[in-house]
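In the numbering used here, the protein residues as written are 1 to 258. Backbone N, C-alpha and C fix where the C-beta goes; we use that ideal spot for every residue, glycine too. Encoded as structure tokens, the structure appears first; notes follow it.
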Ligand SMILES: [Zn+2]
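Following this line, the structure appears as structure tokens:
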């Protein structure tokens, strides 16, 4: 078991996440897909919340490693890990990937990027969190003391960093969308993590009630995050609210092969 969040992923409640939750984003995705696209591969399609809707217009195949998630996918589907997809080269006009790359360990990320580049004939459409600071939702496992991001985001991407993963592609379009979320300044977070107890790191209003159960990706201990107010953490949060901007939560880029 690596820290690749296998148990975390398999335990995800797929019914809790529906197409309706992200209908605005799905509409944007439709708008971004170029007119000459007919076939799409959705890498890391999860429960098909996006895949099933895109199938209304496109010939789409979903890939995911979770059997549980794939039960909800109504299109062509393949159970496979994103870093080893059993399909021949250049099978699809566009390869799509939503909220996947931020979760992957360095080696898996590298191989997944290679698969995505290999499988597209022409376009890539990639969606990730928009230059977030994953330490903002940092939880310390009470059993093994491992610090991790609550939604298990490991990689940070802005438009530039995302484009450099695909050096043989040109960036055609970038969109920032979704709920406005406040960035957390790294130096303030460092102070918070250094001088305040882990129970004060995430105020309850940042983390919905149904998302407080968590599994440590290192030791797989499952527990409920419990918040306790700490004055210094409160002061740092207020300071951050003054100095850090809010920005749309998602970054979506469209790239075309050179
Ligand atoms: Zn642990």
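Query: Outcome for residue 238 when other beta-carbon atoms lying within 10 angstroms are tallied against a minimum of 16; Result: exposed
Query: Contained beta strand (DSSP E) runs [length at least 3] in the segment 147 to 207, N- to C-terminal order; Result: 147 to 149, 169 to 182
Query: Integer-rounded CB distance, given that residue 63 should sit under 8 Å from residue 78; Result: 5 Å
Query: Residue 40 to residue 198 span [Cα, whole Å]; Result: 43 Å
Query: Any residue whose CB is nearer than 6 Å to a heavy atom belonging to ligand 1, listed in chain order; Result: 141, 143, 144, 146, 216, 218, 219, 221
Query: First and last residue of the uninterrupted alpha helix (DSSP H) at residue 116; Result: 106 to 119
Query: Cβ pair count under 8 Å reaching 3, the segment 213 to 231 against the segment 137 to 150; Result: yes
Query: Rounded distance between the beta-carbons of residue 96 and residue 49, thought under 8 Å; Result: In fact, because the Cβ distance is near 13 Å, the residues do not count as touching under 8 Å.
Query: For residue 224, the first and last residue of its enclosing alpha helix (DSSP H); Result: Where residue 224 is concerned, there is no enclosing alpha helix (DSSP H), although the beta strand (DSSP E) it sits in stretches over 222 to 224.
Query: Residue(s) in a DSSP beta bridge with residue 62; Result: 42, 77
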